[in-house]
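K.L.:
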Amino acid sequence: MKRKIDFFQVTAAFLCGSVFFSGIALAQTKGSISVSPSKLRFLVQGTDRSSSDGQFANNGVAVPESLQYKGTTYVPIRLAANLIETPVYWDGETRSVWIGEAEVRIVNGAGAVIGEAKLSEQEGGVHVHLTASQLSPGKHGLHLHEKNFENNDFKTAGGHYNPTGKKHGHNNPEGHHAGDFANLEAGADGTAHAEFVIEGMTLEKGKENSVWGRSLLVHATEDDGKTDPSGNSGDRVAGGNIR
């Protein structure tokens, strides 16, 4: 009996299967697995999206758009994502593939994971859904900083992201840093949730206004919205690198 499979099921299978591509390629360089490239025809919602030569430009490097191994055909996950117009992100440190949303781990000063931030592209900027735990109850300053921090030392993240040279704080009549956000408020149990948009930014790597290579940092106390350079919000107690 034939079973009807909808477009989203096909998409999920397509993407999941393609994760294996990089492992095949790596094994091939070691000579332990023999594979043969083959040209495929790609149709997405009835539209032919096939290439002319069976090659895919993977970050500027031409690679086969498919590999066959033990009766199964694999495609690069980035190609699959491009075909269905869904962004895909790779985190080499955690060896994670993110589809549709990028995930940022929020850690404390000891390096323990205490939350996460999920980032997605939307019109006008980058939408952020952040959750955290183990914070002291009350309000905490929350900012986008210039760069990634190193070895859980939040001081290495530089200052607030401020490409236009503004002063700090939403209450500043001259305008605020691009990396200034509303306070993150933790409940009595130390958990906090926030949703906001990093206006004018993008998840596209390589662009001047990209969030990649920057970090989200949580401060010990409330941001007063006006005091340079960080709203008198105290030490940096938690953060996440947008890699």
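Residue numbers for the sequence shown follow the numbering used here, so the first one is 5 and each next one is one higher.
Quick reminder that beta carbons are idealized off the backbone N, C-alpha and C, glycines included.
(1) What does V92 pair with, by DSSP beta-bridge criteria?
(2) Straight-line CA distance for E97 to R45?
(3) Taking only the alpha-carbon atoms, compute the straight-line gap between G238 and T225 and give it to the nearest angstrom.
(4) List the endpoints of the continuous beta strand (DSSP E) containing R240.
(5) Given E265, which residues of its chain have a CB within under 6 Å of its CB, disregarding the five upstream and five downstream residues?
(6) Measuring CB atoms only, is the region 119-135 touching the region 195-215, in the sense that at least three cross pairs come out at less than 8 Å?
(7) By the 10 Å Cβ neighbour count, where 16 or more other Cβ atoms means buried, how is P233 classified, buried or exposed?
(8) Starting from N155, trace the beta strand (DSSP E) both ways and give me its first and last residue.
(9) Tell me, please, whether the CB atom of L148 is closer than 8 Å to any CB atom in chain D?
(10) Quick one: residues in its chain with C-beta nearer than 7 Å to the C-beta of F185, no 5 flanking neighbours on either side, listed in chain order?
(11) Have a look at I118 and E150 and give me their C-alpha separation to the nearest angstrom.
(12) Which class does A85 belong to by DSSP, given the choice of helix, strand or coil?
(13) Go to L188, then tell me how far its beta strand (DSSP E) extends in each direction, as first and last residue.
(14) Between the region 94-113 and the region 161-179, do three or more beta carbon pairs fall short of 8 Å?
(15) My output table needs one value for T160: the three-state DSSP class, helix, strand or coil.
(16) Ordered along the chain, which non-local residues of its own chain (more than five positions away) have a Cβ less than 7 Å from that of G229?
(17) Hey, out of L221, T231, G210 and E203, whose CA is closest to E178's CA?
(18) When you compare the CB positions of D95 and R218, do they come within less than 8 Å of one another, or not?
(19) Nearest CA to the CA of H144: which residue from N187, G183, N152 and L123?
P.N.:
Put simply:
(1) I103
(2) 34 Å
(3) 6 Å
(4) R240 to I246
(5) Nothing can be reported for residue 265: it is not among the residues displayed for the chain, which extend from 5 to 247.
(6) yes
(7) exposed
(8) From DSSP, N155 is part of no beta strand (DSSP E); its letter is neither H nor E.
(9) Chain labels in this structure do not include chain D; a single protein chain is all it has.
(10) L146, H147 and F200
(11) 22 Å
(12) helix
(13) L188 to A190
(14) no
(15) helix
(16) G173, H174, N175 and G235
(17) T231
(18) no
(19) N187
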